[in-house]
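Worksheet for the structure shown next.
Rendered as structure tokens:
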């Protein structure tokens, strides 16, 4: 089953904003203060460029999945290594979303909620969406996308009047080095185009419209910049103490600080959006397992993903600050490699391998062959008809 180009753009949009509105704004401020808004802009632009590169490669890959494509360009050994690194990347992304969602819902919003009442339905939901395939995930994302967008704009706009533009001045007072340091340190919250690698052969480009991806990317960038401008303009030097970006903005507009009074609309929309994103990365996790171990069915990899979500919830209280893992230099190096180096290597290798020819698109070739057969048959019929006419004219002339 394939997803169309519009659904792909929507998944990219949701991925661009998925991890941006919980703890990330407060974390960025600790390193680059109010200029953190430019860190998000810089990394989101890079992610947008990579979205174009990967989609261009996916369109030219024909019916090949990422394993077949990389194997033809890089060989089996390198392909397996890259897939293992990508598996680590998606595992980290799932952990980031899962723990952020758990902390937001189970530990703060509903602090009396039973742990089993939270994790079991979530794991079952993620497993079902993954098992049903990427089209199911894309359709759910298509449904919730615009509700999430309107909800975020509504919540942020209510606090817009309280944002002070002067709090951003002076710009770059410490130079550009804090921005690049922040970009490296918090890279795990970005790289939102990497999931497209696992969608090779699963995207239908027949209805592709020029400029559609640009519009969705610009919408995501403008939305994040708008929220961050209001967030930093409202909370200023106290930004590091506000770990729930959207909910804290919501409470600011009514001059309340209790998280229990968070709008039910924002709660429902944001939880669903996070679940869709978790399912998307879970699907990529599942596909990577299938390619690495040459598994044909979806049952075993889906069970592995569900168990991983369950285990993530178990280990959350046994480690001191899961976020510290994502902020470690080792994880930053891994994410930089998987988000930017590996896709670039695959892109260059693909362009070199298929410099003068495109990978064979089986469906397209079959359709073209059928068309050629029809033309050939029609030509033969015309030739036979003309030959028969000449024979009849010859007989008449003889008479």
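Residue numbers (my numbering): 53 to 451. Where a beta carbon is used, it is the ideal one built from N, C-alpha and C, also for glycine. Just so we're clear, the structure is a prediction, and the values are computed from it rather than from any experiment.
**Q.** DSSP three-state assignment for residue 347, whether helix, strand or coil
**A.** Residue 347 falls in the coil class under three-state DSSP.
Q | Alpha carbon of residue 242 to alpha carbon of residue 402, nearest angstrom | A | Cα to Cα, the separation comes out at about 24 angstroms.
Q: Would you tell me roughly how many angstroms separate the C-alpha atoms of residue 77 and residue 300, rounded to the nearest one?
A: Cα to Cα, the separation comes out at about 12 angstroms.
Q: Run the CB neighbour count on residue 382, radius 10 Å, all protein chains shown included, and call it buried at 16 or more, exposed below.
A: Taking all protein chains in view, the Cβ of residue 382 is surrounded by fewer than 16 other Cβ atoms within 10 Å, so the residue is classified as exposed.
Q | Distance, residue 327 Cα to residue 174 Cα | A | Approximately 8 angstroms, taken between the alpha carbons.
Q.
Can you give me the C-alpha to C-alpha distance between residue 70 and residue 63, rounded to a whole angstrom?
A. A straight-line Cα-Cα distance of about 10 angstroms links residue 70 and residue 63.
(Q) Output needed for residue 72: all residues of its chain with C-beta closer than 6 angstroms, excluding positions within five of it in sequence on either side, in chain order. (A) Counting only residues of its own chain and dropping the five nearest sequence neighbours on each side, residue 72 has a CB closer than 6 angstroms to the CB of 276.
Q | Where residue 226 sits in the DSSP three-state scheme | A | In the structure shown, residue 226 adopts coil according to DSSP, grouped into three states.
Q: Confirm, please, whether the CB-CB distance from residue 234 to residue 393 is below 8 angstroms.
A: For the pair residue 393 and residue 234, the CB atoms are not nearer than the 8 angstroms cut-off.
Q) Looking at C-beta atoms only, is the number of pairs between the segment 116–131 and the segment 259–276 that lie closer than 8 angstroms three or more? A) With the cut-off at 8 angstroms, the segment 116–131 and the segment 259–276 do not touch.
Q. CA-CA distance, residue 340 and residue 355?
A. Taking the Cα positions, residue 340 is about 14 angstroms away from residue 355.
**Q.** residue 286 beta carbon less than 8 angstroms from that of residue 304
**A.** In contact: residue 304 and residue 286 (Cβ atoms closer than 8 angstroms).
Q. Any beta-carbon of chain B closer than 8 angstroms to the one on residue 95?
A. In the structure shown, chain B cannot be found, because there is only a single protein chain.
Q: In angstroms with no decimal places, state the Cα-to-Cα distance between residue 121 and residue 138.
A: Across the structure, residue 121 and residue 138 are spaced so that their CA atoms are roughly 15 angstroms apart.
Q: Could you have a look at residue 424 and say whether DSSP puts it in helix, strand or coil?
A: Here the model assigns residue 424 a pLDDT of 49, short of 50, so the residue's position is not dependable and the matter cannot be decided.
Q. Nearest-angstrom Cα distance between residue 479 and residue 143?
A. No answer is possible for residue 479: it lies beyond the span of the chain, which begins at 53 and ends at 451.
(Q) Please classify residue 182 as buried or exposed, where buried requires at least 16 other C-beta atoms within 10 Å of its C-beta. (A) Per the 10 Å Cβ criterion, buried.
(Q) According to DSSP, is residue 56 part of a helix, a strand, or is it coil? (A) Reduced to three states, the DSSP call for residue 56 is strand.
(Q) Using only CA atoms, which one of 230, 391, 100, 211 lies nearest to residue 65? (A) Taking only the C-alpha atoms, the option nearest residue 65 is 100.
Q. What are the partner residues of residue 255, as DSSP defines its beta bridges?
A. 55, per the DSSP bridge assignment.
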